[in-house]
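Participant:
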Amino acid sequence: MNSVLIVFYFLIAAYLFWFWFNRFKQENTLTNEEKVLCLATFVIGVIFLPIVIPIAYSKLVLRQKERDLDVQESIKEICICLE
1 MNSVLIVFYF LIAAYLFWFW FNRFKQENTL TNEEKVLCLA TFVIGVIFLP
51 IVIPIAYSKL VLRQKERDLD VQESIKEICI CLE
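Under my numbering, the sequence shown has 81 at position 81, and the numbering climbs by one with no breaks.
(1) To the nearest angstrom, report how far apart PHE48 and LEU11 are at their CA atoms.
(2) Between the alpha carbons of PHE130 and VAL46, how many angstroms are there, rounded?
(3) I need the DSSP call for THR41, collapsed to helix, strand or coil.
(4) Give a yes or no on whether the C-beta atoms belonging to LEU39 and PHE24 are separated by under 8 angstroms.
(5) Give the straight-line distance between the Cα atoms of PHE21 and ILE44, rounded to the nearest whole angstrom.
(6) To test your reading of the DSSP string, which unbroken alpha helix (DSSP H) runs of 4 or more residues are found completely within the region 2-64?
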């Protein structure tokens, strides 16, 4: 299961890389300085994408678990008050 998710993740990353790079190549209205800045941003994004997305996803999952626990505690408190 984990290997399927990893393969799926890298397929999406490769597609996004291809898509962004083609968009960059098609842009004709940028000055040379803007092209350098866009290319630098593109390279930084490609390098950090495999690091940032799993971290952000794990934080999202953790936050959701905390919310679920808060809801369960609230329900228990309501039940105790109703008794």
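Glycine included, each C-beta is placed from N, C-alpha and C at the ideal position. On a predicted model such as this, the values are computed, not experimentally measured, just so you know.
Facilitator: According to the structure shown:
(1) 16 angstroms
(2) Residue 130 lies beyond the range of the chain shown here (1 to 83); nothing can be said about it.
(3) helix
(4) yes
(5) 13 angstroms
(6) Within the region 2-64, the complete alpha helix (DSSP H) runs of at least 4 residues are 2-26.
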